[in-house]
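A.B. asks:
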Amino acid sequence: MRPIEPGEAFSTPPAPVYTDDDFYEVRPPPPRLTRPRPARVGRGRLVTTALAVVCGLWVLALAASQATSAAVALPFLERTVSALGDVPALLQLHEQAIRTAANQPGTGPVPVPGFPVQGVALPRALAQTGTRDDWRAMLLAASAETAYERGPAVFAPANTPADSRAFSTSQWIRIVMAVESSDAHATVSLVAWALGLATLAMAVLVLVVVDGIRRYVAIGLGLIGGALLAAVIGLGGLLVAMLFGLGSGSDFVAEVGVLIRTIAWAPVQDAARLGIAGIAIAVPAAALAAWRARHDDLDDGYDEYEDAR
């Protein structure tokens with residue numbers, strides 16, 4: 011036999027009570043707020059934890075999408091090409107050969123001997139009249155765009171096998187260029203969208219599973235937990251970037267450190283904003299829940315006092 015709910019006990023209006031002096035109507039007591047059952051509390055904690063994990067992964071994916079965008083990647087690729095090829099010294103060394111080749115009959119672009127990016131050359135008019143600074147700006151901009159679209163393959167001549175050693179410079183170049191590419195940006199952006207939808211779904215699930223005002227406390231705690239997860243991983247990345255800054259003194263290693271710092275700093279900033287939003291939701295909701303719980307306890311005590319009388 012199932013227990014009778016408060017509403018069922020007074021499903022019909024009670025009859026009025028008459029006395030010699032007056033009459034009054036017996037009214038049912040107001041329904042009491044029941045505390046959540048242990049099983050429901052456990053499910054609420056589980057979905058809140060899942061919300062925190064998914065939210066933290068979403069912040070990390072969003073930061074990676076920002077760090078691999080063209081606005082971030084192109085300046086980094088320009089500095090990397092300049093560091094790898096020592097472009098100013100290269101142009102100074104071959105300036106006379108470039109101008110001589112530019113003044114030869116023809117209309118095609120003028121290649122720069124020893125330039126590290128395959129397929130990038132100077133327009134003939136610029137090679138004839140431009141300065142070395144003009145050459146450098148054009149070559150680096152074109153190299154960055156080419157590397158962003160085609161990946162690390164632009165740094166290896168055709169039919170040249172790549173060095174497969176794990177810690178070789180060429181392997182590091184391939185890894186870094188593969189990260190800072192349009193393909194990587196598209197993949198990470200897709201993952202960020204999927205995790206964003208998953209975060210929204212988990213927030214809705216929290217609203218369904220958790221009762222009353224506590225559901226907003228749970229959502230706030232989930233956002234705070236996700237912010238902490240993303241911030242811890244981001245701070246770990248900043249530590250790695252600091253170690254790269256203390257490396258061998260190579261310009262390329264220094265640029266990799268700058269890249270890691272850029273990627274790692276983004277989730278820390280996003281986590282700070284997310285944590286503030288979580289606190290703004292959780293603290294007022296927790297205060298309201300505590301006030302309501304205290305109010306219910308006072309009502310219970312008053313009813314017990316009246317019953318004792």
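In terms of the numbering used here, the sequence shown opens at residue 11 and continues consecutively. The beta carbon of each residue, even a glycine, is placed where N, CA and C say it ideally should be. Everything numeric in this text was worked out from a predicted model, so none of it was measured.
Do R225 and L377 count as a contact pair if the criterion is CB distance below 8 Å?
C.D. replies: No statement about residue 377 is possible, as the shown extent of the chain runs from 11 to 319 and does not include it.
A.B. asks: Between V122 and the rest of its own chain, which residues show a CB-CB distance below 6 Å, the 5 nearest in sequence each way excluded?
C.D. replies: Here the question's residue 122 lines up with position 112 in the sequence shown. Counting only Cβ-Cβ distances below 6 Å, and skipping sequence neighbours, we find nothing.
A.B. asks: Please list, in chain order, all residues of the same chain as S192 whose beta carbon is under 6 Å from its beta carbon, the five residues on each side excluded.
C.D. replies: Translated into positions along the sequence shown, residue 192 becomes position 182. Result list for S192: Y158 and E159, in chain order.
A.B. asks: Using only the alpha-carbon positions, how far apart do A162 and A74 sit?
C.D. replies: Locating residue 162 in the sequence shown gives position 152, where the first residue counts as 1. Locating residue 74 in the sequence shown gives position 64, where the first residue counts as 1. First, the amino acid is wrong: residue 162 is Pro here, not Ala. Each residue's alpha carbon lies about 19 Å from the other.
A.B. asks: Can at least three beta-carbon pairs, one atom from the region 68 to 85 and one from the region 193 to 208, be found at a separation below 8 Å?
C.D. replies: With the cut-off at 8 Å, the region 68 to 85 and the region 193 to 208 touch.
A.B. asks: Is it right to say T117 is buried, meaning 16 or more other beta carbons lie within 10 angstroms of its own, or is it exposed?
C.D. replies: For the purposes of this step, residue 117 is taken as the residue at position 107 of the sequence shown. It counts as exposed.
A.B. asks: Once DSSP output is grouped into helix, strand and coil, what is the label at V130?
C.D. replies: Here residue 130 corresponds to residue number 120 of the sequence shown, with the count starting at 1. V130: coil per DSSP, three-state reduction.
A.B. asks: For a test of the three-state rule: what should DSSP assign to V293, helix, strand or coil?
C.D. replies: On the sequence shown, residue 293 is found 283 positions in, with the first residue counted as 1. Note: V293 maps to helix in three-state DSSP.
A.B. asks: Does the Cβ of A290 have 16 or more other Cβ atoms within 10 Å, making it buried, or fewer, making it exposed?
C.D. replies: If you number the sequence shown from 1, residue 290 lands on position 280. Looking at its Cβ environment, which holds fewer than 16 other Cβ atoms inside 10 Å, A290 is exposed.
A.B. asks: Tell whether a beta-carbon distance below 8 Å holds between L87 and A152.
C.D. replies: What you label residue 87 is simply residue 77 of the sequence shown in a count that begins at 1. What you label residue 152 is simply residue 142 of the sequence shown in a count that begins at 1. No, the Cβ-Cβ distance between L87 and A152 is not below 8 Å.
A.B. asks: Between the Cα of A287 and the Cα atoms of G124, A228 and R134, which residue gives the shortest distance?
C.D. replies: Sequence index remark: in the sequence shown, residue 287 carries index 277 (1-based). Answer by Cα proximity: A228.
A.B. asks: Would you say L61 and M212 are within 8 Å of each other, going by their C-beta atoms?
C.D. replies: Here residue 61 refers to the residue found at position 51 of the sequence shown. Here residue 212 refers to the residue found at position 202 of the sequence shown. Against a cut-off of 8 Å, the Cβ pair of M212 and L61 comes out as a contact.
A.B. asks: Assign V219 to one of three DSSP states: helix, strand, or coil.
C.D. replies: For the purposes of this step, residue 219 is identified with residue 209 of the sequence shown, where counting begins at 1. In the structure shown, V219 sits in a helix (DSSP, three-state: H, G or I).
A.B. asks: Applying the criterion that 16 or more other CB atoms from any shown protein chain within 10 Å of the CB defines a buried residue, is V97 buried or exposed?
C.D. replies: Translated into positions along the sequence shown, residue 97 becomes position 87. By the neighbour-count rule (16 or more Cβ atoms within 10 Å), V97 is buried.
A.B. asks: Does V122 come out as helix, strand or coil in the three-state DSSP assignment?
C.D. replies: As a working mapping, residue 122 is identified with position 112 in the sequence shown. If DSSP states are grouped into helix, strand and coil, V122 belongs with coil.
A.B. asks: Taking A99 as the reference, give the member of A282, R146 and M252 with the closest Cα.
C.D. replies: Numbered from its first residue, the sequence shown carries residue 99 at position 89. Ranking A282, R146 and M252 by Cα distance to A99 puts R146 first.
A.B. asks: Helix or strand or just coil, what does DSSP make of P162?
C.D. replies: Counting from one through the sequence shown, the residue named residue 162 turns up at place 152. Here P162 sits in helix by DSSP.
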